[in-house]
Amino acid sequence: MKLALKKKTLTYITILVSLLVTAGIWIGISITRDLPSATPGPAAERKTALVEDFTGLKAWKETDAISFRFNPAHRKHLFDRNRRLVRVQFLNN
Numbered sequence: 027m028k029l030a031l032k033k034k035t036l037t038y039i040t041i042l043v044s045l046l047v048t049a050g051i052w053i054g055i056s057i058t059r060d061l062p063s064a065t066p067g068p069a070a071e072r073k074t075a076l077v078e079d080f081t082g083l084k085a086w087k088e089t090d091a092i093s094f095r096f097n098p099a100h101r102k103h104l105f106d107r108n109r110r111l112v113r114v115q116f117l118n119n
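One gets the working numbering by counting positions in the sequence shown from 1 and adding 26 to each.
Right, dumping it as C-alpha cells:
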C-alpha cells in the first residue's frame, strides 16, 4: 500500500514538473520573439476605421451606463461609465 502511494505521488510530481518546464520553455520562447512591425499610413487608417466600425466603438463611447446579469451567480450589475460607479444587486435564488 505504501509503495503504491509513493509511486502515485512520484507520478504526480513528475507530471507537475514536466508541465512547469514546458510552460517555462513556452513563455521563454514567446518573450524572446520580436513583435511584428507596424505599417503606418492610409492603409492602416482604413483598417483601423473598419475595426472601429465593426466593434461599435462610436456607440460604446456614447453609452452612459450598462447593466447585465450573471444568472448562475444570481447577481445583477449596473455600471455607470461617466461616474465610474458600479452597483451589484444580489438576487434571491
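Think of the CB as a built atom: it goes at the ideal place given N, C-alpha and C, for glycine as much as any other residue.
Secondary structure of residue i, DSSP reduced to three states
{"i": "residue 106", "result": "strand"}
{"i": "residue 117", "result": "coil"}
{"i": "residue 61", "result": "coil"}
Residue i - containing alpha helix (DSSP H), residue span
{"i": "residue 76", "result": "68-81"}
For residue i, the first and last residue of its enclosing beta strand (DSSP E)
{"i": "residue 93", "result": "91-96"}
C-alpha gap between residue i and residue j, whole angstroms
{"i": "residue 32", "j": "residue 46", "result": "21 Å"}
{"i": "residue 62", "j": "residue 115", "result": "44 Å"}
{"i": "residue 86", "j": "residue 76", "result": "15 Å"}
{"i": "residue 105", "j": "residue 81", "result": "20 Å"}
{"i": "residue 70", "j": "residue 64", "result": "9 Å"}
{"i": "residue 99", "j": "residue 35", "result": "36 Å"}
{"i": "residue 52", "j": "residue 44", "result": "12 Å"}
{"i": "residue 92", "j": "residue 74", "result": "25 Å"}
Pair within 9 Å by beta-carbon distance, residue i and residue j
{"i": "residue 103", "j": "residue 113", "result": "yes"}
{"i": "residue 101", "j": "residue 90", "result": "no"}
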